[in-house]
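First comes the structure, then the notes that go with it.
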Amino acid sequence: MFDPAVFAARRDAYMQAIGPAGVAVVRSLPERLRNGDAMHPFRQHSDVLYLTGFVEPDTTLILRPGAETERVVMFVRPRDPELEVWDGKRAGLEGAKERYGADAAYPAVELGGKLAELIANTEELHYAVGLDDAMDAMVMHAIARLRKLEKKGRRPPRAIVDPRAHLHELRLKKRPEELHALRKAAAITAEAHTAAMRLGKPGAFEHELEAVINYTFRKAGGSGPGYATIVGAGENATILHYIENRCAIADGDLVLVDAGCEYDHYTADITRTWPANGRFSAPQKKVYDLVLATQKSAVALAKPGATIDELHQHCVRALTEGMLSLGLLTGSLEDRITDLSYKKFFMHGTSHWLGLDVHDVGAYTVGGKARPLEPGMVLTVEPGLYIAADATDVPPEYRGIGVRIEDDVAITADGNEVLTAACPKELEELEAICRAQV
Numbered sequence: 004m005f006d007p008a009v010f011a012a013r014r015d016a017y018m019q020a021i022g023p024a025g026v027a028v029v030r031s032l033p034e035r036l037r038n039g040d041a042m043h044p045f046r047q048h049s050d051v052l053y054l055t056g057f058v059e060p061d062t063t064l065i066l067r068p069g070a071e072t073e074r075v076v077m078f079v080r081p082r083d084p085e086l087e088v089w090d091g092k093r094a095g096l097e098g099a100k101e102r103y104g105a106d107a108a109y110p111a112v113e114l115g116g117k118l119a120e121l122i123a124n125t126e127e128l129h130y131a132v133g134l135d136d137a138m139d140a141m142v143m144h145a146i147a148r149l150r151k152l153e154k155k156g157r158r159p160p161r162a163i164v165d166p167r168a169h170l171h172e173l174r175l176k177k178r179p180e181e182l183h184a185l186r187k188a189a190a191i192t193a194e195a196h197t198a199a200m201r202l203g204k205p206g207a208f209e210h211e212l213e214a215v216i217n218y219t220f221r222k223a224g225g226s227g228p229g230y231a232t233i234v235g236a237g238e239n240a241t242i243l244h245y246i247e248n249r250c251a252i253a254d255g256d257l258v259l260v261d262a263g264c265e266y267d268h269y270t271a272d273i274t275r276t277w278p279a280n281g282r283f284s285a286p287q288k289k290v291y292d293l294v295l296a297t298q299k300s301a302v303a304l305a306k307p308g309a310t311i312d313e314l315h316q317h318c319v320r321a322l323t324e325g326m327l328s329l330g331l332l333t334g335s336l337e338d339r340i341t342d343l344s345y346k347k348f349f350m351h352g353t354s355h356w357l358g359l360d361v362h363d364v365g366a367y368t369v370g371g372k373a374r375p376l377e378p379g380m381v382l383t384v385e386p387g388l389y390i391a392a393d394a395t396d397v398p399p400e401y402r403g404i405g406v407r408i409e410d411d412v413a414i415t416a417d418g419n420e421v422l423t424a425a426c427p428k429e430l431e432e433l434e435a436i437c438r439a440q441v
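For any residue, its number in my numbering is found by taking its place in the sequence shown, counting from 1, and adding 3.
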């Protein structure tokens with residue numbers, strides 16, 4: 004998706020939010036060295052993507068809503084035929100103006116010399132401090148320079164404002180084009196999870212499943228994974244961010260896959276857990292049924308007016324009650340919730356925002372209170388139970404079982420849309436897919 008009008012509308016909305024006395028500086032993060040002279044693949048900072056669609060590194064966008072001229076200024080790498088032979092085509096200064104909506108464009112190396120003038124005599128500088136030390140230093144130098152020029156009528160901004168105040172609030176509520184990208188990302192991700200279920204027989208390796216998942220992402224038109232793909236078999240499923248993906252899958256293992264395709268810069272985020280041999284054991288089934296029932300009831304609660312905190316407390320109560328029933332905990336339900344004993348087996352939150360980032364931007368509280376859900380917000384719903392293999396104080400049949408079930412949910416005016424509904428999660432569905440011949 005690259006419609007210049009979409010990005011122009013986003014910039015206009017952001018400039019209206021910060022007002023004519025403000026100025027915004029939005030900067031791509033630096034490229035990172037992997038080893039030797041090889042770089043990690045570059046992925047544009049999501050704020051730059053949201054406002055411009057520009058994907059090249061070393062990019063700075065400056066928005067000046069109160070300026071008479073040069074309201075949208077971009078600093079980019081200029082065209083360089085010799086370097087483009089090695090690294091690919093650049094939009095250059097001309098492209099920044101003709102395609103990406105800049106009123107003025109300058110070479111990236113000139114940012115330090117021009118920054119002070121572009122932010123002078125404003126009340127608020129909207130800038131994310133703490134992401135890039137070199138850029139922070141450049142901003143501080145510009146402010147210091149302007150302090151020395153105050154007698155000549157050029158003063159620095161009076162305050163620095165975190166972009167979470169306005170820009171990230173705009174990003175929180177998804178527009179139709181964003182929901183379209185998220186639906187596509189979800190559809191590709193569902194296809195990839197199903198492919199992994201078919202491949203993940205006993206004897207296969209976790210990294211083989213990771214390979215087929217990431218291959219499916221690219222084959223179907225995605226840019227790859229939106230975050231590191233997690234494939235945990237057996238007790239590896241009890242490790243929340245297990246990304247080594249190097250072990251063989253054994254007969255009797257549950258396999259937990261947490262993977263999401265990035266499509267048009269928007270990422271899905273799905274977790275499914277399934278039996279490698281095509282049959283849940285009786286203990287596995289009890290744990291899975293508990294997590295599934297909890298997850299489905301929490302999804303049903305995700306609607307306008309509800310809060311993420313309410314979804315989480317619902318899951319805490321339902322899972323803790325189940326932990327008591329399974330013998331993982333003892334005592335009363337209220338006591339185990341109060342003393343947080345449940346966190347031994349359910350230690351993470353139930354939901355997070357989703358969009359350009361897998362843990363997307365947007366405040367979770369407003370005025371010190373949990374934020375009500377509104378149409379356009381997209382979140383995950385992902386309860387789980389993780390019973391460590393060395394948990395000697397629980398019934399032995401449950402040790403080493405990890406189950407998480409995660410869907411992506413868009414809030415609508417009258418309820419929600421489960422963007423990832425096509426990805427199987429019913430127990431009988433999973434068993435049938437896992438027993439099928441590849």
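We treat Cβ as the ideally placed atom computed from N, Cα and C, and that holds for glycine.
Those residues which DSSP pairs with residue i across a bridge
{"i": "Gly235", "result": "Leu259"}
{"i": "Glu265", "result": "Gly227, Thr270"}
{"i": "Thr276", "result": "Leu259"}
{"i": "Arg30", "result": "Thr63"}
{"i": "Gly308", "result": "The partner list for Gly308 (beta bridge, DSSP) is empty, contrary to what the question assumes."}
{"i": "Glu420", "result": "Ala413"}
{"i": "Asn38", "result": "Ala41"}
{"i": "Thr383", "result": "Asp411"}
Between the CA atoms of residue j and residue i - distance to the nearest angstrom
{"i": "Leu243", "j": "Ala8", "result": "41 Å"}
{"i": "Thr383", "j": "Tyr266", "result": "17 Å"}
{"i": "Leu175", "j": "Glu400", "result": "43 Å"}
{"i": "Gln316", "j": "Asp50", "result": "32 Å"}
{"i": "Glu181", "j": "Ser328", "result": "42 Å"}
{"i": "Thr276", "j": "Ile163", "result": "45 Å"}
{"i": "Ala145", "j": "Asp338", "result": "56 Å"}
{"i": "Glu59", "j": "Tyr109", "result": "14 Å"}
{"i": "Ala111", "j": "Ala99", "result": "12 Å"}
{"i": "Asp410", "j": "Ala107", "result": "43 Å"}
{"i": "Pro304", "j": "Lys428", "result": "For the record, residue 304 in the displayed sequence is Leu; it is not Pro. Computed Cα separation, rounded: 18 Å."}
{"i": "Pro81", "j": "Thr72", "result": "22 Å"}
{"i": "Val258", "j": "Leu343", "result": "27 Å"}
{"i": "Ala262", "j": "Arg158", "result": "49 Å"}
Beta carbon proximity, residue i to chain D, threshold 8 Å
{"i": "Leu54", "result": "The displayed structure is made up of one protein chain only, and chain D is not part of it."}
Local conformation of residue i per DSSP, three classes
{"i": "Arg178", "result": "coil"}
{"i": "Glu434", "result": "helix"}
{"i": "Pro205", "result": "coil"}
{"i": "Glu120", "result": "helix"}
{"i": "Tyr367", "result": "coil"}
{"i": "Tyr53", "result": "helix"}
{"i": "Gly115", "result": "helix"}
{"i": "Gly358", "result": "coil"}
{"i": "Thr219", "result": "helix"}
{"i": "Leu293", "result": "helix"}
{"i": "Tyr345", "result": "helix"}
{"i": "Met350", "result": "coil"}
{"i": "Lys372", "result": "strand"}
Residue i: CB within 7 Å of a non-hydrogen atom of the ligand MG
{"i": "Pro307", "result": "The ligand MG is not part of this structure, which contains no ligands at all."}
Segment limits, beta strand (DSSP E) that includes residue i
{"i": "Thr241", "result": "Premise fails: Thr241 is in no beta strand (DSSP E) and is neither H nor E."}
{"i": "Ile414", "result": "410-415"}
{"i": "Arg339", "result": "Premise fails: Arg339 lies in the alpha helix (DSSP H), 336-341, not in any beta strand (DSSP E)."}
Limits of the unbroken alpha helix (DSSP H) element including residue i
{"i": "Pro398", "result": "No alpha helix (DSSP H) contains Pro398, which DSSP labels as neither H nor E."}
{"i": "Val88", "result": "84-90"}
{"i": "Ile21", "result": "7-21"}
{"i": "Ala99", "result": "95-101"}
### Task
Go through the segment 126-200 residue by residue and report every complete run of the beta strand (DSSP E) that reaches 3 residues or more, in order.
With a minimum length of 3 residues, the continuous beta strand (DSSP E) runs that stay inside the segment 126-200 are 127-129, 162-164.
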